[in-house]
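Listed in order, the protein sequences are those of chains A and B. Using the working numbering, read the first sequence as starting at 1340 and increasing by one per residue. Using the working numbering, read the second sequence as starting at 1340 and increasing by one per residue. Working notes, structure below.
2 protein chains.
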Amino acid sequence: MSRDFPSRSGGAAIGARLRRLSDRIDREADGLYSAFGIDFEQRWFGVMNQLALNKAMSVSDLATALGVTHVAVSQTRAALIARKLISTADDPGDARRRVLTLSAQGRKLVKELGLLWEALNDAAREVDREAGGVAVALARLEAALDKRSLAARVRMKLDAPAKQRAPASRI
Amino acid sequence: MSRDFPSRSGGAAIGARLRRLSDRIDREADGLYSAFGIDFEQRWFGVMNQLALNKAMSVSDLATALGVTHVAVSQTRAALIARKLISTADDPGDARRRVLTLSAQGRKLVKELGLLWEALNDAAREVDREAGGVAVALARLEAALDKRSLAARVRMKLDAPAKQRAPASRI
DNA sequence: CGAATTAGCGTAAGCTCTTACGTACATGTC
DNA sequence: GACATGTACGTAAGAGCTTACGCTAATTCG
């Protein structure tokens, strides 16, 4: 909570806001799977999608592709193995690596989900357009922070004695 | 993980992305507090800020203002009471309610944090401008989803037999 | 060639929210 | 006045990530 960036719009914390947004989207997707009688969870999407696109991937490759830690991928790996949707094998070229692939059952499910995923994607694009490009804005936000971190910007502002600051206005 | 909305930019899941962004911002702010020798956590900001602005507020008022559940506020309340930054009292007009206020120590800390918060806010606005208005885009995203949910949009797309769809393109 | 360093991955525990539930209180209805 | 319903809030437990750690394997360096 209390993550403000920047904190306007009624002072709603952006962190909680972002999380609520993503939770909402996931919940709606989960609801669609249920409505279509498909035993699937949106949080598996990334791994299943990547394996459908790339045949076989390691835990660390998936982590990089999905932008999460290898631990999160490992946790999803365990859930998908339990449901027999993927399988793993040792990498003959590197004993440290595990190669994940879709099982026959997993491929079948991905095929089944194809139309729904396509429609989800179309709907997501539509909403993003209406919102004026959230994804692009987020990419720019990441780039801006990479260029100069928030902490560095704050330090610059605190070290600028000549500049006259507006009166304090917390939000 | 695997939350795609929409899923491009290397397929990074927007959910994880949003969370990483907010975690990053919080961590940078926490780092600044440490650098200035101030025992404070960015996650308390919302509650402390609201109490500084509004004198006294109930748990549910804070929850509404901050856009989180009352449970999250209650959890923060406990942490801030443990650190003697706020205090609570019964509401004479409604025995169900607890009124939270800044303690003397809390007011002193808020005063101490004033300049840093202001600089943080300026930096946040600056980054938001460079990113092309993330907060505004997020507000529009919420509004678009309120207008028509993602699930409703998906259903419309699946129920559109006349429209010819492009070949399946998972991302 | 052996030691040091880096890489891959699984497990445990923590973070910061959430939902579910229960208790107490306030309000509305008959 | 009694009962039903709604509200406020605290606690327990869960979600979905994270960090920390440890083990094994591969690579680098002297």
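C-beta: ideal position from N, C-alpha, C; glycine also. Predicted model only: the values in this text are computed from it and were never measured.
Along the chain, where does the alpha helix (DSSP H) containing residue i start, and where does it finish?
i	result
R1492/A	L1489 to L1497
L1401/B	V1398 to L1405
A1470/A	Note, A1470/A: premise wrong, no alpha helix (DSSP H); not H, not E.
G1385/A	F1384 to N1393
Compare the beta carbon distance of residue i and residue j with 9 angstroms and say whether it is the shorter of the two.
i	j	result
L1497/A	L1455/B	yes
L1477/B	V1475/A	no
T1427/A	L1439/A	yes
R1436/A	S1413/A	no
A1404/B	Q1389/B	yes
L1424/B	G1406/B	no
Q1381/A	A1391/A	no
V1493/A	L1360/B	no
E1465/A	I1377/A	no
Indicate the three-state DSSP secondary structure (helix, strand or coil) for residue i in the structure shown.
i	result
I1425/A	strand
T1331/A	No statement about residue 1331/A is possible, as the shown extent of chain A runs from 1340 to 1510 and does not include it.
A1411/B	helix
D1378/A	coil
D1362/A	helix
Report the residue from the options whose alpha carbon sits nearest the alpha carbon of residue i.
i	options	result
N1460/A	M1396/A, G1432/A and F1384/A	F1384/A
M1495/B	V1438/A, R1479/A and A1458/A	A1458/A
L1401/B	V1386/B, A1391/B and I1425/B	V1386/B
A1395/B	V1407/B, R1382/B, F1375/B and R1416/B	R1416/B
R1311/A	F1379/B, I1420/B and L1484/B	Because chain A in this structure spans residues 1340 to 1510, residue 1311/A falls outside the shown range and cannot be described.
L1480/B	N1388/A, A1463/A and L1424/A	A1463/A
L1448/A	L1419/A, R1358/A, S1397/A and P1431/A	L1419/A
A1482/B	L1452/A, E1469/A and A1443/A	E1469/A
D1433/B	H1409/B, S1397/B, A1411/B and T1408/B	S1397/B
D1467/A	R1422/B, D1429/B and R1487/B	R1487/B
R1422/A	H1409/A, A1491/A, G1453/A and F1379/A	F1379/A
A1408/B	R1358/A, T1408/A, G1453/A and D1429/A	One point to set straight first is that residue 1408/B is Thr, not Ala, in the sequence displayed. It is R1358/A whose Cα lies nearest to the Cα of T1408/B.
Does the ligand FAD have a heavy atom nearer than 8 angstroms to the CB of residue i?
i	result
A1418/B	As for the ligand FAD, it is missing from this structure, which has no ligand bound.
Q) Taking any Cβ of chain B, which residues in the stretch 1465 to 1480 of chain A have a Cβ under 7 angstroms from it, in chain order? A) Cβ contacts with chain B: E1465, V1466, D1467, E1469, A1470, G1471, G1472, V1473, A1474, A1476, L1477, A1478, R1479 and L1480.
(Q) Which residues of the stretch 1406 to 1421 of chain A have a Cβ closer than 8 angstroms to any Cβ of chain B? Give them in chain order. (A) Along the stretch 1406 to 1421 of chain A, going in chain order, the ones with a CB nearer than 8 angstroms to a CB of chain B are G1406, V1407, A1411, V1412 and T1415.
Q.
So if I threshold CB-CB distances at 9 angstroms, which residues from the stretch 1479 to 1495 of chain A count as touching chain B?
A. Here the close residues are R1479, L1480, E1481, A1482, A1483, L1484, K1486, R1487, S1488, L1489, A1490, A1491, R1492, V1493, R1494 and M1495.
Q: Check each residue of the stretch 1423 to 1444 of chain B: if its Cβ is closer than 9 angstroms to any Cβ of chain A, include it; give the result in chain order.
A: Cβ contacts with chain A: none found.
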